[in-house]
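Letter by letter, the sequence shown follows residues 8 to 202 of our numbering.
Everything below concerns the one structure shown next.
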Amino acid sequence: MTTKGSNEEHGTPQAPLTQLLLALRDACALCSDEAQFAAMVRQQVQPVLPHGSLVAAIVRIGPQQLRLVHAIGVDHPAAAMAKLPRQLDLDDRPALKRWLDTREPQVLQMPRDAERVSARERREIDALGIRRLALHGRIDLGGIVGSCFSFCHLNEDISPSQTLEILRLVIPPLHEALMHAWRHERQVLRRPLAR
């Protein structure tokens with residue numbers, strides 16, 4: 008099916024990345040719970056930004072710390088998810104602090120970028136055997152609440168510049184999908200039990 012003004016109407020197919028990004032946007036708009044969020048990440052994000060696991064978190068932002076409000080792990084080890092700290096001191100999380108200060112994605116390649124992370128972060132990264140990871144997210148207009156996405160075990164075939172560009176494109180719809188899933192989980196927890 009073609010739409011008026013589409014590339015197909017003019018005889019040239021859309022670029023595969025464009026099609027994947029459009030499918031991701033549409034899937035994010037339909038995402039309404041954690042299971043759908045996880046499935047969407049596996050089916051729609053994975054082809055755009057190949058990675059081994061994802062930690063998607065909603066955070067409350069303070070002057071020197073982030074407080075974890077809610078987190079979803081997609082193919083991330085359960086033991087690592089259980090150990091996620093509820094509060095993150097930004098003095099001990101330079102990669103997160105750089106992201107908050109610049110609002111730009113952070114891509115780290117280990118061991119080359121070891122000096123860009125704290126000793127604590129390095130231990131956490133090493134414990135999971137992560138060689139390449141990326142952090143990015145979205146912060147609300149008031150700067151109080153935001154989302155943070157940590158893509159672990161990124162495919163090394165994608166260049167750093169491509170990774171940065173893809174992160175800038177995928178985070179806005181992923182943020183919306185994460186917020187929808189979180190709202191759903193909160194509503195489920197608030198419902199009274201049927202008698």
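C-beta atoms are modelled at their ideal positions from N, C-alpha and C, and glycine is treated no differently.
(request) Provide the residue span of the alpha helix (DSSP H) that contains R105, from first to last. (result) Residues P101 to T109.
(message) Using 8 Å for Cβ pairs, my map puts R145 next to S154. What's the rounded Cβ distance?
(response) Confirmed, about 5 Å.
(request) Count the other C-beta atoms from every protein chain shown that fall within 10 angstroms of the C-beta of S166, then say buried if there are 16 or more, exposed otherwise. (result) S166 is exposed by the Cβ-count criterion.
(request) Rounded to whole angstroms, what's the CA-CA distance from I151 to S39? Just pull it up for me. (result) Approximately 23 Å, taken between the alpha carbons.
(request) Output yes or no for whether 7 Å exceeds the beta carbon distance between A63 and I79. (result) Yes, Cβ-Cβ distance for A63 and I79 is below 7 Å.
(message) In whole angstroms, give me the CA-to-CA distance for P118 and L181.
(response) Roughly 28 Å between the two C-alpha positions.
(request) Inspect the CB distances between the stretch 171–189 and the stretch 23–33 and report whether three or more fall short of 8 Å. (result) In short, these stretches touch, since the Cβ pair count reaches three.
(request) Over the uninterrupted beta strand (DSSP E) stretch that includes Q94, give me the two end residues. (result) For Q94, the enclosing beta strand (DSSP E) stretches over residues Q94 to D96.
(request) Starting from L161, trace the beta strand (DSSP E) both ways and give me its first and last residue. (result) For L161, there is no enclosing beta strand (DSSP E), since its DSSP letter is neither H nor E.
(request) Just mark G69 as buried or exposed, buried being the case when its beta carbon has 16 or more other beta carbons within 10 Å. (result) Exposed.
(message) For I137, tell me which candidate among L61, G149 and L97 has the shortest Cα-Cα distance.
(response) Looking from the CA of I137, the closest CA among L61, G149 and L97 belongs to L61.
(message) Could you tell me the alpha carbon to alpha carbon distance between L75 and Q94, rounded to whole angstroms?
(response) Their backbone Cα atoms lie some 6 Å apart in a straight line.
(request) Determine the DSSP secondary structure at L135, reduced to helix, strand or coil. (result) It is coil, neither helix nor strand.
(message) Here's the rule: buried if 16 or more other CB atoms are within 10 angstroms of the residue's CB, otherwise exposed. What is P84?
(response) Classification for P84: exposed.
(request) Would you identify the three-state DSSP class for L31, choosing helix, strand or coil? (result) DSSP places L31 in helix when its eight states are reduced to three.
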